[in-house]
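Numbering (the numbering used here), first residue to last: 1121 to 2075.
So the structure is just underneath, and the comments pick up after that.
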Amino acid sequence: MLAATGLASAQAQTANITPSNANVVNLLAPFLSLNASAIGQATLQDNLSQAIAVNNRSTPDQRALAISGKALPGAAPFLGSITLVDGSVVKLGPADNLAGGLPLQAIQSNPGMPGTIHPIQPVGGYGPVLGPLYQQGIRASTDTTGPLARTFDFLNRAYKFTSSDLGVAKNYFANGAATNPSVTPAGYVAIPAVAPAGYTLPRFNGLPNTTTSVLDIAAGVTNTQAGQDVYGSSRPVQVRPKGIDQFDPTSINGLTTNPSFPSGHTNYGITDSILLGMLTPSLYQSMLMRGSEFGDSRIVLGVHYPLDIIGSRAFSAYNLAQAFTNPAYIDNAATTGTAINLTSLFTQAQGELQSYLSAGCGAAVATCATSAANMGANPYLPSAANQALYQSRLTYGLPTLTFAEAPREAAPAGGPDAAILLAPLYGGSSSAAAQIAPKGGLYGSLQDSTINQIIVNTETNALSAFYGMPLSYWARIDLYSAAGYFQNVVGMLSMAASDRVATDVTIGQTGALYANGTIAGTVTVGTGGLLGGTGTIGGLAVQAGAVVAPGNSIGTLTVAGNAAFAAGTTLRVEADADGRADRLAVAGTATLAGGTVQVLAADGAYAPRTRYTVLTAANGVQGRFAGVSANFAFLTPTLGYGANAVDLTLTRNDVAFSTIAQTRNQGGVADAIQAAGAGSALYGRTVGLSTPEARAAFGALTGDIHASATAAQFETAFFVREAILDRLRWGPAPGADEAEDYGALPATYSADLPGRAAPVVPVPMRVLDPRVFGLWGQGFGSFGQARGDGNAAALARQTSGFVLGADVRLETGFRLGCTGGYTVTSLDSAGRLSSGTIQSGLGGVYGGFERGPFALRLGAVYADQASRLRRSVTFAGFSDSDTARYGGSAVQGFGEIGYRFVMAAAPAPALQPTSLEPFVGGAYVSIGRDRFAETGGLAALSGAAQTTEVATSTV
């Protein structure tokens, strides 16, 4: 992706960096924020402590190698030279000291500071034979002449491209400049880097600036202090001179104005080691190991931190991927500063170098690379120890996250990805890969998607401070492990049908390879590994604890040669009700020394007896499996052996369906299904289930929502009767002496006597209760949940409704009334995927009588109900939806007797006094349900009419 992002825009000035420069700076942008977080600060602290530790514990051989590695033959005309112990001078060519070794050299000293170590590099990544051949050719060449002119030109131009980005990054993260002079003139003022149009440069908390830098803040120094880098980003030997063992007095020569982050030597080492590895893929891992060692030597010297190495390794790989694949980089000086077509240069150089090395060693390069002479005394050969060392240098012990905290990352959206860097090994499906490896790579021809999954599978743990940002991907990719992936498959890799692997394959512990393409070699499945897929492999060796699972779902895996199963292995096959099963088809001999056939049932309706062929061998089956297992509850697997095949038969056993049921409801369903017999649809669906699946199926089929609906209706009846009783409790008291409670109003009486005045007589008027007839209403609502009891599932309900009534007080003291109303209850049983509604229209009568403190209240209600219930029945291999509509009724009678104790007088004549009333109540409720028949599929139920009666009492 060309467009880089940052935290702030550069000022509108003339651009002094290229788009490629800006992209690298933005890739490394998380470095600026390290001092602003606890994890970033911890990273910086460990960065310094690890730099000191690596330096202090280095061996004499590592120190001699580190001093020799100061030579940086990256690009003409600054390829450099070394002085040997005899005083002779050797001029170096590009990647000279990466591919080959350097002999014993003169001790390097400074005035007054004599050195004590003879630098030496015994061997390079190309080995003792091919390394010197390469050096001979590259030293005799220029970019236009000599036996390796094209190789010289390729490496020379590639390093010029990456080193341009390196220089800008070094200066930008030190003081914000694009470039700084190696000799600082008096009054020097750094000119800030300015991005080209369409690009920005990152800033964070005022960084970068000309007075301080990330590394200096962490170390507690400034660029104005004596002995520190004048531009910032001082080196370990500068910030901790007493902590670093400066065994090479010349280690800091020329570096006092050269900021530390990122490492320039490492940029050279990684860039050229990757490119040399791509040119000679049989030496790919050896060259990566040499590049890793070269970068580590910079920490050994005390002139770089782990983060310097990590940053350079990340951006160098990123830059090469851009240059190989991004059209904006290819032959575009506007992007890279100088026009370079890396893919074209590569193809020219590869043929030249392969021919030259082959002629020199007398055989193909791959043959020479693996010869005893070239492998002898070569510390960079692929090995488990070197892989572990390479991986440790990816993080250097800085704070990382677990894979659970930071799962492995794919390449950032918009690209590039690292697949092109493995094209000489695995080919690829991009246009660039087609140019680099038109016939595929050393180990085969894979799709880019497959290669990228290999890269993801082999990533190391993410650095905590960088996770989630593009830098994290480039910092954690492990090209060494990715290059040797098929020698130890880890993670899950599903090959495309067009993928071809040309080598033997070993699947390691926890590795899972789905060989859907072609593998020419033998696949060894190690302990804990799994092989699946529907492709073809050359041979098969299955070790104890390993699994072979042909197919992706149900399919056939073909072995072109022989197959051997050791004791303790597993052949895992899926089988379905239609008679299909996974199969291992062996063109040679199948040797069985034990192991188990594990049968996994696919969903479906199984017959009582089904036969499958799970293994065929054209040249015969020798031996037997030790046993067979299956996840069926009601089918027993058995194996049959023929001369050229192993057959699996699934037969109905004598296990009754109900024996695995865990509840009464499940048992009832199980018995009903079994009674229906082998010809019934549900029987066929059940017989192929595992025990957990069968229990789930029986539970799903119970239809306990119908019983739960009845329970919910009892709850609804409670709210109705309580509304009526509330009216009787809190309505006007109907006692015969009720009128006395309302007092009297003052009044007078005077006779109408014509012609004379009559006396006025006071006549108090007693106030009578005006509420002889009353209308009332009450609404109610409730929600709740009944927990499951292990038999029926939990039920959530919501009830709402209202009751309206009218009553009259008789002279005898009784109050009688009638009532009507409506309720609706919603039901939801998530555990059974069931729901429904119950609607009721109701009518009733009630009455009450009070005499003094004594109270009697009675009522009866009839409700006509309409229910609509829905069930989704889902279990392994089965899905159904069923609906039922049916009517019903609810009848209840209730009453209570109470005795009221007056606690305080009423505040006004028309109000009732405060009182306490103990009572005894009882109710009888009868819920009737009409017969029903669900509509739906195979799981539809029918039910007979049913009446449920409950009597309750309350004190």
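Heads up, the beta-carbon is just placed ideally off N, CA and C, and yes, glycines get one too.
* In angstroms, rounded to a whole number, what distance separates the CA positions of Pro1879 and Glu2016? -> 55 Å
* beta strand (DSSP E) runs wholly inside the segment 1236-1308, at least 3 long, in chain order -> none
* Assign Gly1855 to one of three DSSP states: helix, strand, or coil. => With a pLDDT of 45 at Gly1855, under the threshold of 50, the predicted position of this residue should be treated as unreliable, though the coordinate-derived value follows. Here Gly1855 sits in coil by DSSP.
* To do: In the DSSP assignment, find the unbroken alpha helix (DSSP H) run with Gln1663 in it and report its ends.
  => First-last for Gln1663: undefined, no H or E at that position.
* Pull up the CB-CB distance for Pro1536 and Gln1442, whole angstroms please, since I reckon it's below 8 Å. => 5 Å
* Inter-residue spacing [alpha-carbon to alpha-carbon] between Ala1926 and Gln1898 -> 12 Å
* Asked: Would you report the Cα separation of Ser1284 and Ala1226, rounded to the nearest angstrom?
  -> 31 Å
* Asked: For Pro1231, does the count of other Cβ atoms within 10 angstroms reach 16, so buried, or fall short, so exposed?
  -> exposed
* **Proximity of Tyr1351 and Asn1300 at Cβ, strictly below 8 Å** => yes
* Give the range of the alpha helix (DSSP H) segment to which Arg1907 is assigned. => First-last for Arg1907: undefined, no H or E at that position.
* Return helix, strand or coil for Asn1461, following the three-state DSSP convention. => coil
* Asked: Rounded to a whole number of angstroms, what is the C-alpha to C-alpha distance between Ile2047 and Ala1725?
  -> 39 Å
* To do: Return helix, strand or coil for Gln2017, following the three-state DSSP convention.
  => The sequence as given places Ile at residue 2017; Gln does not occur at that position. Reduced to three states, the DSSP call for Ile2017 is strand.
* Asked: So, Gly1287 versus Pro1328, is the Cβ gap smaller than 8 Å?
  -> no
* To do: Please classify Arg1952: is it buried, with 16 or more other beta-carbons within 10 angstroms of its beta-carbon, or exposed?
  => buried
* Rounded to whole angstroms, how far is the Cβ of Gly1534 from the Cβ of Gly1547, which I believe are closer than 8 Å? -> Contact annotation, Gly1534 with Gly1547: C-beta distance approximately 23 Å; criterion of less than 8 Å not satisfied.
* Asked: With a Cβ-Cβ cutoff of 8 Å, do Val1775 and Leu1821 count as a contact?
  -> no
* Asked: Ser1402 by DSSP, collapsed to three states: which one?
  -> helix
* **For Asp1702 and Pro1728, believed in contact at Cβ under 8 Å, the rounded distance** => Your pair Pro1728 and Asp1702 does not check out as a contact, with CB atoms roughly 22 Å apart and the cut at 8 Å.
* To do: Pick helix, strand or coil for Leu1375, following the three-state DSSP scheme.
  => coil
* Asked: Where do the ends of the alpha helix (DSSP H) carrying Glu1842 lie?
  -> 1825-1850
* Asked: Going by beta carbon distance, what residues of the same chain come within less than 7 Å of Gln1366, once the five residues before and after it are set aside?
  -> Val1357, Gly1422
* Taking the Cβ atom as the reference point for each residue, do Trp1594 and Tyr1476 lie within a distance shorter than 8 Å? -> no
* Asked: Would you say Ala1686 and Gly1715 are within 8 Å of each other, going by their C-beta atoms?
  -> yes
* For Ser2001 and Gly2056, the rounded distance between their alpha carbons -> 6 Å
* **Secondary structure of Ala1763, DSSP reduced to three states** => coil
* Roughly how many angstroms separate the alpha carbons of Ile1429 and Pro1382, rounded to a whole number? -> 7 Å
* Could you check which residue in Asp1909, Thr1580, Tyr1803, Leu1250 has the C-alpha nearest to that of Gln1782? => Minimum Cα distance to Gln1782 is reached at Asp1909.
* Nearest-angstrom Cβ-Cβ length linking Ser1810 and Phe1752, presumed shorter than 8 Å -> 6 Å
* Asked: Grouping DSSP H, G and I as helix and E and B as strand, with all else coil, what is Ala2060?
  -> coil
* To do: Tell me whether Glu1860 sits in a helix, a strand or coil according to DSSP, three-state version.
  => Low local confidence applies: a pLDDT of 44 at Glu1860 is under 50, so the model's placement there is unreliable, and no value is given.
* For Ala1526, the nearest candidate out of Ala1552, Val1485, Arg1596, Tyr1982 (CA to CA) -> Arg1596
* Since Tyr1982 is in the beta strand (DSSP E), which residue starts that stretch and which ends it? -> 1974-1995
* Sorted by chain position, which residues of the same chain lie with C-beta nearer than 7 Å to Pro1590's C-beta, five sequence neighbours on each side aside? -> Leu1147, Pro1532
* Asked: So, using beta-carbon positions, are Thr1282 and Ser1436 closer together than 8 Å?
  -> yes
* Extent of the continuous alpha helix (DSSP H) run through Met1589 -> From DSSP, Met1589 is part of no alpha helix (DSSP H); its letter is neither H nor E.
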